[in-house]
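Numbering follows the numbering used here, with no gaps: position 284 of the sequence shown is 287. Each residue gets a CB set at the ideal place from its N, CA and C atoms; glycine is no exception. All values reported here derive from a predicted model rather than from experimental measurement.
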Amino acid sequence: MNNIELTVPVVFGLEAITANEIRGLGYETSLVEDGRVSFKCDLQGICRANINLRTGERVLLKIGEFRAVTFDELFEGTKALAWEQWISKDGQFPVKGHSIKSALFSIPDCQSIIKRAIVERLKTVYKTDWFEETGAKYQVQFAIRKDVVVMYIDTSGESLHKRGYRESGAIAPLRETLAAAMVNLSRWRGDRPFLDPMCGSGTIAIEAAMVAAGIAPGSRRHFSCEKWQQMPAELFKQERLCAKDGEKKQISTVIMASDISSASVEMAMENAKNARVAEFIEFKCSPMENLTPFTEKGAIICNPPYGERLLDVKTCERLYSLMGRKFAQYENAGKYIITSYEKFEALFGKNADKKRKIYNGMIKCNLYQYYK
């Protein structure tokens, strides 16, 4: 199958990064807008995107779109789409989705109508009145925005941020895709020293190590579309072999990760082992003020407490002031710090060269970027 249209949902603020990733895989993006990036490809592209994208949340197969302001229009528009091209006779096809600024706002009603419309379409094609739904899963997703309905089938299954290495997380872990985006924005590529002085569960350092070692984030997990009858197993096998060929056994620099909590450091070390990058990271249990600055043009990337889920605001304010004094000793290092605290720059003692608005879960944050 050629000319397949895929949509990759992303964390708000990371669209341009994901678009560049997609272009790096050899595909031209057709749409880049708030929260999603789209491109066209063949079946191989579905495999390639799922295995290699570091900052996308999942890979959705677009079935079609239409306008609907009534439930009748929603039913007829859904029924008119060629679901049989993908959903097999025994396939499972649960429905979920969302609606924003649209006449059709009841999600349960939309789910029920879309499900019924797909059933009616498939009944005609497969000449049956009953579907067992015992086979592969084809998760149907709908997005209704300003009365425009877009229909997808999810190819990924679990979200792409679930790499599989983080069996246990800290109290407020950073999503892996966001950590990978921070590494990307720092322009660190494994050729300079790297430090996360508040590593928590180790996500930022692990994502950095995976970049440096050329490890594709999805190379060691599976995706729902692998069970589809339309997806030749050979395609995923080829992409995994290609990803494995790109891995490095050694990297040319040191990745340092520390935390004041010994439990967090132990957790981070275990996660790094699961990700098979433990040999590339030096973990240390240490308060930030005890760290020895490096003089090279390295990178410091961290996710300090915001005073929302960890620590109280006053403690965070003292921490940010300490960060400003300590980070100043790393004169040649770029600093990349994510926080929701609006007065961070005043406490840190220096205005950022650039601020980028990003959502960490439901928390609106800024990524403060200090280039030198």
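Opening and closing residue of the alpha helix (DSSP H) in which residue i lies
i           : result
residue 143 : Looking at the DSSP string, residue 143 is not in any alpha helix (DSSP H); the run it does join, the beta strand (DSSP E), is 142-148.
residue 351 : 347-351
residue 202 : Looking at the DSSP string, residue 202 is not in any alpha helix (DSSP H), and its letter there is neither H nor E.
residue 327 : 316-330
residue 180 : 179-188
residue 298 : That residue, residue 298, is in no alpha helix (DSSP H); it is neither H nor E in DSSP.
residue 100 : Residue 100 -> not in any alpha helix (DSSP H); beta strand (DSSP E) instead, spanning 98-103.
residue 26  : 18-27
residue 51  : 46-55
Cβ neighbours of residue i in the same chain (closer than 6 Å, five flanking residues each side left out)
i           : result
residue 231 : 139
residue 327 : 351, 352
residue 215 : 193, 254
residue 67  : 84, 154
residue 361 : 16, 368, 370
residue 124 : 82, 86
residue 289 : 261
residue 221 : 53, 54
residue 90  : 96, 141
Beta-carbon contacts of residue i that lie in its chain and below 8 Å, excluding the five residues immediately before and after
i           : result
residue 249 : 217, 219
residue 40  : 10, 11, 13, 18, 21, 22, 25, 32, 34, 59
residue 297 : 196, 198, 333, 336
residue 359 : 16, 188, 369, 370, 372
residue 339 : 185, 188, 189, 302, 303, 304, 305, 370, 371, 372, 373
residue 348 : 354, 355, 371
residue 225 : 160
residue 235 : 46
Residues bridged to residue i [DSSP beta-bridge criterion]
i           : result
residue 12  : 39
residue 34  : 41
residue 168 : Per DSSP, none; premise fails for residue 168.
residue 359 : 370
residue 207 : For residue 207, which the question treats as bridged, DSSP gives no partner whatsoever.
Under 8 Å between C-beta atoms of residue i and residue j
i           : j           : result
residue 284 : residue 260 : yes
residue 157 : residue 72  : no
residue 342 : residue 373 : no
residue 88  : residue 136 : no
residue 81  : residue 201 : no
residue 302 : residue 204 : no
residue 110 : residue 243 : no
residue 238 : residue 46  : yes
residue 268 : residue 209 : no
residue 63  : residue 7   : no
residue 168 : residue 278 : yes
residue 57  : residue 206 : no
residue 227 : residue 142 : yes
residue 148 : residue 116 : no
residue 152 : residue 286 : no
residue 74  : residue 120 : no
Contacting residues, own chain, Cβ-Cβ under 7 Å from residue i (five flanking each side not counted)
i           : result
residue 211 : 186, 191, 197, 258
residue 325 : 291, 292
residue 319 : 308, 309, 310, 344
residue 118 : 98
residue 274 : 168, 169, 204, 205, 209
residue 132 : 126
residue 5   : 45
residue 42  : 9, 25, 30, 31, 32, 33
residue 357 : 372
residue 213 : 220, 278, 280
N-terminal and C-terminal residue of the beta strand (DSSP E) that residue i is part of
i           : result
residue 218 : Taken as a continuous stretch (DSSP letters only), residue 218 belongs to no beta strand (DSSP E), as it is neither H nor E.
residue 372 : 366-373
residue 337 : 337-342
residue 333 : Per DSSP, residue 333 belongs to no beta strand (DSSP E) and is neither H nor E.
residue 309 : Residue 309 -> no beta strand (DSSP E), and no H or E assigned at all.
Residue-level contact to chain B via CB, residue i, 8 Å cutoff
i          : result
residue 72 : Annotation note: the requested chain B is absent from the structure, which comprises a single protein chain.
Go through the stretch 58-92 residue by residue and report every complete run of the beta strand (DSSP E) that reaches 3 residues or more, in order.
-> 63-70
Contained beta strand (DSSP E) runs [length at least 3] in the stretch 229-291, N- to C-terminal order | 258-262, 284-288
Enumerated in chain order, which unbroken segments of the beta strand (DSSP E) with a length of 3 residues or greater are wholly contained in the stretch 109-163?
-> 142-148, 151-157
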